[in-house]
Every structure is written in structure tokens, then in C-alpha cells.
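Protein sequence lines, in the order shown, are assigned to chains A and B. Position 3 of the first sequence, counting from 1, maps to 3 under the numbering used here, and the rest follow consecutively. So the number in the numbering used here is just where the residue sits in the second sequence, counting from 1, plus 1000. C-beta: ideal position from N, C-alpha, C; glycine also. Please read these numbers as outputs of a predicted model, since none were measured by experiment. Data first, discussion second: the structure below is written as C-alpha cells.
Number of protein chains: 2
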Amino acid sequence: MSGSGLLEDLVESLRCLPGVGPKSAQRMALHLLQRDREAARRLGTTLISAMDRIHHCQQCRIFTENTLCRWCSDPARRSSQLCIVENPADVLAIDRATHYPGKYFLLLGHLSPLDGIGPRDLGLDLLDARLQSGGIDEIILATSPTVEGQATARFIADLAARHGVSVMQIARGVPVGSELEFADGSTLSVAFEQRTPLI
Amino acid sequence: MSGSGLLEDLVESLRCLPGVGPKSAQRMALHLLQRDREAARRLGTTLISAMDRIHHCQQCRIFTENTLCRWCSDPARRSSQLCIVENPADVLAIDRATHYPGKYFLLLGHLSPLDGIGPRDLGLDLLDARLQSGGIDEIILATSPTVEGQATARFIADLAARHGVSVMQIARGVPVGSELEFADGSTLSVAFEQRTPLI
């Protein structure tokens, strides 16, 4: 649309957003220019300062602009429990849905030797040092219920066992509110194996 | 996710993009932080400079960072033909799909008295002056085939008629490649009324 190329640059830049193809990028650019330049400028400055200032919490690798994240620096949260998750969004989901009172540790991925992702890439040296320094009684594994997530969980369980820390894993089973007939075979099989007493 | 609120600010800012709700905004923010900080910074600076430097072409109201847009400043394009469209995206669509050799005029909307959008808001004073100054032989109306688009087209047709300029409208009819049974009644009715000789 533009004489030389600033609008084309804008459309192209917007495509760095996940799920935004050429058509949505064009729609977004025109919308911002036509209707909301102030918000677009604000987004611009926020993007730059967020990318410059947000880094990982030194203790748990959650994103924060401070040395320690909101959870690690919260004195009301139990330091003896540590929930291990793969992705930042998992922390938010657990926080919203549960009353988990402890702290988190963020892997930012899972073990994947073929992709060259080893224990150090998941910050497991940091976790090792933290377990070494004591104070943690229980590790709760909340990695994804996938093959890779399960392999990562096993690896961390072994690590925790070496430090004599008890290791739990969040329950697998049929999702609440869904019809049993739609549950897949492996889920049903796990649900039978791990049946719990009702009364 | 962040200790105080920069990540929350980023998620909130991303919601100025059309079609982006809280969940996609969070996914976008985490994706950029985790995988593509350089692109995010680039998007930030491009957004700011685009919002500051892109304005409307003085002649046709298309977005450009120069005085005249790419089309108005192109000496190879016929100045005697003027295609009138509602939205910037329409110009791009016509440019991609047709061999239209003339220039454009952008309304950036349609007449809508209830919303307080009158002729001046659509730049029709600018169009009037341009028709007055001569050199335009044919106006091609490509406003949307809606009630408002059609009312706007009629208004512009009257304006052009006062300047003795011929006024055409792009054809309505059944869309190419679609099944006849799925065409709506008004489209079919127009298609019958405006039938053209085949041989």
C-alpha cells in the first residue's frame, strides 16, 4: 500500500507473531494504521522494553524482569515443594486452576537427544544445585503426558532420588467432564491401572 | 509470568491487534520471549516508525510515507481512469487480480449518516476538486456490493455526473467457480438482470 515500503515492512514484521500469515498481517497493519495508532505505538515500545528487560528468574527460569520471579520471591509460598513444568504457560494454567502452594521450576522444553536438547538445556544443573543445597522435600512432576515429557520426568525423578527427595507426578486418567467413549486407549489403560479408592 | 508486570503489559498491548484475544496474546508474548526476541524488537521499531511516518496520499488517500503513493506517482498509470474503493485492502486485491491500468481513490469507509459519516469523511471534497480540475474521463466504482456501498456509489455517481465524467460500476453476478445453487437470491436476481451476450 505504501509508496516505497514501510507498510510492506510492517506487514512482514508482524509475521513474526505465531499464527499470523500474510493475510492476517496485512489486516493487522491496516487496522492499526486506520484505527489505533496510539495502541500500536504503545505495543511497539512495550515490545522493545519487554525484549530488553525480561529474562529468566535466577532460581526457577520463569520469565521476569527482576532477579527472582513473582513466585520465588513470594514469602507466602512453600519452599519445600517444587513443581516442575515444561512451559511458561503451564505455570499460569496451574496457578489459575489449583491451590498449589509451592514454587515452580521451568524446563523450557523437554529432553530430546535428536534435537540436541540435553539436561543442561533444561537447566537441570541448576535444579541439581538447588536440590543439593537442601530445603526441598517434594518434587511434583507436571511435564507433558507425552513420550518426551515422560522421559524427562524419569530423568528428573532419578536426579531427585539421588538427593533423597520424594518425587510425585500429577495424576493421569480420564479428563473431568468428558465422555468415557471419547477417551483414547492409553488414557483409559492408565486410568484403570491407577484407579483410586472411592470410599 | 513476570515478577511485576512487564510481561502482563506485553500481553495486554498485543490485544490491540485485531482477532487477538487474551489466550493468543499470551501465546504470542511467550513465543517472542522464548524464540524470537530479535524479530520482536524489529517489529517494535517498525511499528513505531510506521505509525509516525505513514499517512494518506494527498491525492487518493492511500497509505504512504511519501507525499504521493506508489500509484499516484507512477507515470505509467493512466490518470484518466479513477477506481473508487472503500478499503486499502481493496486496492491490493484489485492490483493483484486485474490489469486495471488507472489510478485509485480511497474512501476509507462508506456513507453512514447514522454513524455521522458524511461525504467529507470519505474525502469526497477532495474527489470533487480533482474532478473539477479535469483530466479524468472515467470513474469506476468498486465500492462493496452492500446497501451502504451502493448508496455511496450513487452519491459519487451524481457527483461525477455533475462534472460530466462517465461513471461505471464493476459487474455484479454469480462468483466465478462457485455452484449456482449456493448463490443467494439477490445475487442471482442481479445476474439475470445484467446478463451479457455470450456470442
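Item checked: Three-state class that DSSP yields for A/Glu8 in the structure shown -> Helix, per DSSP.
Check: Quick one: does A/Leu111 have its CB under 9 angstroms from some CB of chain B?
Finding: Closer than 9 angstroms: no.
Next item on the list: Please list, in chain order, all residues of the same chain as B/Gly1003 whose beta carbon is under 7 angstroms from its beta carbon, the five residues on each side excluded.
Entry: Here B/Gly1003 scores only 40 on pLDDT, less than 50, and its place in the model should not be relied on; the value that follows carries that caveat. No residues qualify anywhere along the chain.
Notebook entry, point to check: At least one CB of chain B closer than 9 angstroms to the CB of A/Phe63: is that the case?
Noted result: At least one CB atom of chain B sits nearer than 9 angstroms to the CB of A/Phe63.
Next item on the list: Measuring only between beta-carbons, confirm whether B/Ile1117 sits less than 9 angstroms from chain A.
Entry: Answer no: the Cβ-Cβ gap between B/Ile1117 and chain A never drops below 9 angstroms.
Notebook entry, point to check: Quick one: does B/Ser1144 have its CB under 9 angstroms from some CB of chain A?
Noted result: Not a single C-beta of chain A is nearer than 9 angstroms to the C-beta of B/Ser1144.
Item checked: Residues that B/Asp1009 contacts on chain A, provided the C-beta gap is smaller than 8 angstroms -> Under the 8 angstroms cutoff, chain A gives Thr46 and Ala50.
Checklist line | chain C contacts made by the segment 4 to 37 of chain A, where a contact means CB separation under 8 angstroms | finding: Going by chain labels, chain C is absent from the structure shown, which instead holds the protein chains A and B.
Check: Taking the continuous alpha helix (DSSP H) assigned at B/Glu1138, which residues delimit it?
Finding: Element bounds for B/Glu1138: not the alpha helix (DSSP H) but the beta strand (DSSP E), Glu1138 to Leu1141.
Next item on the list: Just mark A/Ala177 as buried or exposed, buried being the case when its beta carbon has 16 or more other beta carbons within 10 Å.
Entry: Ala is not the amino acid found at residue 177 of chain A; the sequence shown has Gly there. Taking a 10 Å sphere around the C-beta of A/Gly177, we find fewer than 16 other C-beta atoms and assign the residue as exposed.
Check: Among A/Ala142, A/Val165 and A/Leu198, which one has its Cα closest to the Cα of A/Gly134?
Finding: Ranking A/Ala142, A/Val165 and A/Leu198 by Cα distance to A/Gly134 puts A/Val165 first.
Check: For the segment 1079 to 1103 of chain B, which residues have a beta carbon sitting closer than 7 angstroms to at least one beta carbon of chain A?
Finding: Under the 7 angstroms Cβ criterion, the segment 1079 to 1103 of chain B contributes Pro1088, Ala1089, Val1091 and Leu1092.
Check: How big is the Cα-Cα spacing for A/Leu111 and A/Val85?
Finding: A/Leu111 and A/Val85 have their C-alpha atoms roughly 13 angstroms apart.
Notebook entry, point to check: Looking at the structure shown, is A/Thr67 part of a helix, part of a strand, or coil, going by DSSP?
Noted result: Residue state, collapsed to three classes: coil.
Next item on the list: Indicate whether B/Ile1140 and B/Gln1081 have their beta-carbon atoms separated by less than 9 angstroms.
Entry: Yes, they are a contact pair.
Check: The beta strand (DSSP E) spanning B/Phe1105 covers which residue range?
Finding: Taken as a continuous stretch (DSSP letters only), the beta strand (DSSP E) holding B/Phe1105 covers Gly1102 to Leu1106.
Next item on the list: Below 6 angstroms CB to CB, which residues in the same chain sit around A/Gln26 once its five sequence neighbours on both sides are set aside?
Entry: Once the five neighbours on either side are set aside, the close Cβ partners of A/Gln26 are Val11.
Notebook entry, point to check: B/Leu1107 versus chain A: which residues are under 8 angstroms apart at the beta carbon?
Noted result: For B/Leu1107, none of the residues of chain A pass the 8 angstroms Cβ criterion, the least Cβ distance being about 12 angstroms.
Next item on the list: Quick one: grab the DSSP three-state call for B/Ile972.
Entry: Here chain B has residues from 1001 to 1199 only, and residue 972 of chain B is not among them.
Margin query: Could you compute how far the alpha carbon of A/Glu38 sits from the alpha carbon of B/Ser1079?
Written below: Between A/Glu38 and B/Ser1079, the C-alpha separation is close to 35 angstroms.
Check: Using a C-beta to C-beta distance shorter than 7 angstroms, which residues of chain A count as neighbours of B/Ile1054?
Finding: Ser2, Leu6, Leu7 and Leu33, listed in chain order.
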